[in-house]
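Participant: In my numbering, the protein residues as written are 9 to 258. Backbone N, C-alpha and C define an ideal beta-carbon position, used for all residues, glycine too. Here the structure is a predicted model, which means the values were calculated and not measured.
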Ligand code: NAD
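In structure tokens form, the structure reads like this:
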């Protein structure tokens, strides 16, 4: 494997201000890609872009946009394509949870999670896909979750959004397979990030007991899987779900 396998390529990573998205952005940059760092807030996207540019000057540019807003995302996509001239890799990683039992779930809890996790990925795909079709090459990787494969209590909204991503991925993969573009899903298990640090000790213990490899995942475990699916080596893989979960969902 070349350490610079993404030389002359451009990657867009959403939700790259922290956590898994930040690790993905840094990994793709370390392997030679230029990075559009997308986050909801300017300060978060700027922090990741600055960190990448400190290691490799001039390769990252920050963008602040809420992925759930269709028009704003089309504008951001146009800006990214104008700034970088192309897009080779799109990683739809931005996501949120609003966990509560279905009996208590509000309409807003449902809507905001679906709008962000599922529609957000559609919005960015819609904004970038035409450019990839023109290039006749591209990689789209959607970050789902074991929750979308297995269902988890308290996550009816989140599991629906993450399972929805899998159906969307397979449909779009079929639409553009003949154009040199692959679309795949990475489904992380329990990964140590801000999203999971808020869970109490009891929930963490319960989760650990369900993980065959007996440890929580690291953000780099997810970045490695994304990097593989984004690479030329994965050109014959499309419409697939790669669970990176220590065996949790098998
Ligand atoms: P995180 O909360 O640490 O980071 C999420 C990022 O998404 C943040 O930078 C946030 O600003 C951004 N974001 C949220 N809503 C946004 C919006 N509307 N517009 C733009 N950006 C927005 O979460 P994380 O743990 O790094 O998770 C990243 C992805 O991985 C999510 O899709 C999450 O569902 C998924 N995932 C995480 C785990 C885990 O254990 N941490 C497990 C399975 C799946």
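Which residue spans inside the stretch 121–161 form an unbroken alpha helix (DSSP H) run of at least 4?
Facilitator: The qualifying runs are 128–143 and 154–158.
Participant: Nearest CA to the CA of residue 41: which residue from 82, 217, 99 and 182?
Facilitator: Nearest C-alpha to residue 41: 99.
Participant: Assuming residue 193 contacts residue 152 (C-beta within less than 8 Å), just tell me the rounded distance between them.
Facilitator: About 5 Å; that satisfies the 8 Å criterion.
Participant: Near residue 7, what residues of its chain come up, given a Cβ to Cβ distance below 6 Å and the 5 sequence neighbours on each side ignored?
Facilitator: Nothing about residue 7 can be read from this structure; the chain reaches only from 9 to 258.
Participant: For residue 202, which option in 221, 219 and 226 has the closest C-alpha, if you only look at C-alpha atoms?
Facilitator: When each option's Cα is compared against that of residue 202, the closest is 226.
Participant: I need the DSSP call for residue 27, collapsed to helix, strand or coil.
Facilitator: Three-state result, residue 27: helix.
Participant: Tell me the DSSP bridge mates of residue 100?
Facilitator: Note: residue 100 sits in a beta bridge opposite 150.
Participant: Mind checking residue 110: buried by the 16 CB within 10 Å criterion, or exposed?
Facilitator: Exposed, since its Cβ has fewer than 16 Cβ neighbours within 10 Å.
Participant: Pull up the distance between the alpha-carbon of residue 232 and that of residue 224, whole angstroms please.
Facilitator: Whole-angstrom Cα-Cα distance: 16 Å.
Participant: Can the beta-carbon of residue 94 be found less than 8 Å from the beta-carbon of residue 143?
Facilitator: A contact, by the Cβ cut-off of 8 Å.
Participant: Are there any heavy atoms of the ligand NAD lying less than 7 Å away from the beta-carbon of residue 79, as far as the coordinates show?
Facilitator: It does not: the Cβ of residue 79 is nowhere closer than 7 Å to a heavy atom of the ligand NAD.
Participant: At a cut-off of 7 Å, would you count residue 130 as near the ligand ADP, judging by its Cβ distance to the nearest heavy atom?
Facilitator: The ligand ADP is absent from the structure shown, which contains only the ligand NAD.
Participant: With DSSP collapsed to three states, give me the class of residue 61.
Facilitator: Residue 61 falls in the helix class under three-state DSSP.
Participant: Less than 7 Å between C-beta atoms, sequence neighbours within five positions excluded: which residues of the same chain meet that for residue 9?
Facilitator: Residue placement at residue 9 cannot be trusted, given a pLDDT of 47 that sits under 50; what the coordinates show is reported in the next sentence. The answer is none, since no qualifying residue turns up.
Participant: Return yes when at least one heavy atom of the ligand NAD lies under 7 Å from the C-beta of residue 202, else no.
Facilitator: Yes, since a heavy atom of the ligand NAD falls inside the 7 Å radius drawn around the Cβ of residue 202.
Participant: Quick check: the Cα distance between residue 50 and residue 87, rounded to an integer number of angstroms?
Facilitator: Taking the straight line from one Cα to the other gives about 15 Å.
Participant: Would you check if the distance between the CB atom of residue 97 and the CB atom of residue 125 is smaller than 8 Å?
Facilitator: Going by C-beta atoms, residue 97 is not nearer than 8 Å to residue 125.
Participant: Can you determine whether any heavy atom of the ligand NAD sits closer than 7 Å to the C-beta of residue 198, and answer yes or no?
Facilitator: Yes - the ligand NAD has a heavy atom lying nearer than 7 Å to the Cβ of residue 198.
Participant: Sort out for me which residues DSSP pairs residue 227 with in a bridge.
Facilitator: Looking at the DSSP assignment, residue 227 forms no beta bridge with any residue, so it has no partner.
Participant: What alpha helix (DSSP H) runs, 4 residues minimum, are completely inside the stretch 174–219?
Facilitator: Those alpha helix (DSSP H) runs which fall completely within the stretch 174–219 and span 4+ residues are 202–205 and 209–216.
Participant: Would DSSP call residue 71 helix, strand or coil?
Facilitator: The answer is strand: DSSP assigns residue 71 an E or B state.
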